[in-house]
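Numbering (my numbering), first residue to last: -5 to 431.
Note that the Cβ used here is the ideal one computed from N, Cα and C, for glycine as well.
Just so we're clear, the structure is a prediction, and the values are computed from it rather than from any experiment.
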């Protein structure tokens, strides 16, 4: 039995439950023995998620969704466009990290790699849809770029764009350049498995560090991941030093050595992108790392991009009851449009030129900064907890379905043909669709 769902207005959860034979439990679901059953269902408060579906979608969410889907409101997303866009992506940057997904009558299939364990996330949303008060998954066919963002700084700014707009489909992405077209923001692959536990750790530490006793200075620890933005592989020490010395994460560490009473910043580890030359160059700024909850001792917490937007780094700093000092950036995530400078965070320049000035301003406006921290904390608790992460992804799928020209029967037959071919060892001739739920 499929539940009724209206995109324009949500039915009351009580009414949905009253019409459902599963008023107190999810629908029965028995996973095929050949499929893994790993998921994140235990991290979600089902009742809280159900309550969100009984209320109107927040205006800021709808605005973001409508803005990103606007190119496809009159030109629907077709199978031909999906095929062409997927091929265009692979031609330009290779197939690594880009996968295609189909949801057909509650079954979920993947074509392409699962490099970061997102199959468990899709099994989770599939199971959530079995609960009363949570809508069924729509029939959709979509592409996700599993890399950190679209595009990286060293990639062409239009590598996924087809020659003919009629052949263009959107790419779902964890972070995006603000002005890049045909991209749909979705919650990221790190926040999904980590945020439920991390948010509770932050909330649990709030009472230990009330605003009045926080150190009124800035604190930052992280990796030199913005080195990856330069697109450098093995380069000389001199070239590495010359170019990385202009990157924001290095600059905040340099400021720390010049103004130690204002900011304590350092590299806690080299990260995955660091070369031996970079490791040697940043060595003077190496500092011990600490847990995220320990950052709450400081009142001002800078948020600096790495490969792209830092996630879930911005979220937990907003929750911290300290003030997030957000670096100006062309990178954006699904919730950024809802946040206002000097209401939820203090903006700082991309290159850190005004960091010390902003810290001095904060010290002189202590009451105002306390209110900013409280506003941010309240906003996260209301709109950006783990249940909201899943709620937003459901809304993306629902909006996507409204903008797609999808023949569910055709999709199912094509996908099942691929499954049967795999069993008969004919998969080389037919795309390898793998059922994951």
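Contact between the stretch 175 to 189 and the stretch 248 to 265 is not established, with fewer than three Cβ pairs separated by less than 8 Å.
Rounded to whole angstroms, the separation of the alpha carbons of residue 284 and residue 374 is 23 Å. Note on residue 381: 16 or more other CB atoms within 10 angstroms of its CB, so buried under the neighbour-count rule. For residue 294, the uninterrupted beta strand (DSSP E) segment begins and ends at 292 to 297. Rounded to the nearest whole angstrom, the CA to CA distance from residue 71 to residue 133 is 13 Å. Contact annotation: residue 406 and residue 98 have beta-carbon atoms nearer than 7 Å. Residue 347 is classed as exposed because its beta carbon has fewer than 16 other beta carbons within 10 Å across all chains shown.
Counting along the chain, residue 394 sits inside the alpha helix (DSSP H) bounded by residues 380 to 396. In chain order, 169, 170, 171, 172, 179 and 303 place their CB closer than 8 Å to the CB of residue 326, counting only its own chain and leaving out the 5 sequence neighbours on each side. In its chain, beyond the 5 residues on either side, 196, 289, 290 and 295 have a beta carbon closer than 7 Å to the beta carbon of residue 314. 53 is the residue among 429, 45, 22 and 53 whose C-alpha sits nearest the C-alpha of residue 332.
Counting other Cβ atoms within 10 Å of its Cβ, residue 27 stays below 16 and is therefore classed as exposed.
Going by C-alpha positions, residue 175 is about 20 Å away from residue 392.
DSSP places residue 230 in the coil class of the three-state scheme, outside both helix and strand. Leaving aside the five residues that flank residue 300 on each side, the residues in its chain whose CB is nearer than 6 Å to its CB run, in chain order, 219 and 220. The continuous beta strand (DSSP E) containing residue 139 extends over residues 134 to 139.
If you check the CB distance, residue 144 and residue 177 come in under 7 Å.
Restricting attention to 270, 317 and 287, the CA atom closest to the CA of residue 352 is found in 317. For residue 253, the three-state secondary structure derived from DSSP is coil. Apart from the 5 residues on each side of it in sequence, residue 137 sits with its Cβ closer than 6 Å to the Cβ of 80, 94 and 165 in its chain, given in chain order.
Taken through DSSP and simplified to helix, strand or coil, residue 167 comes out as strand.
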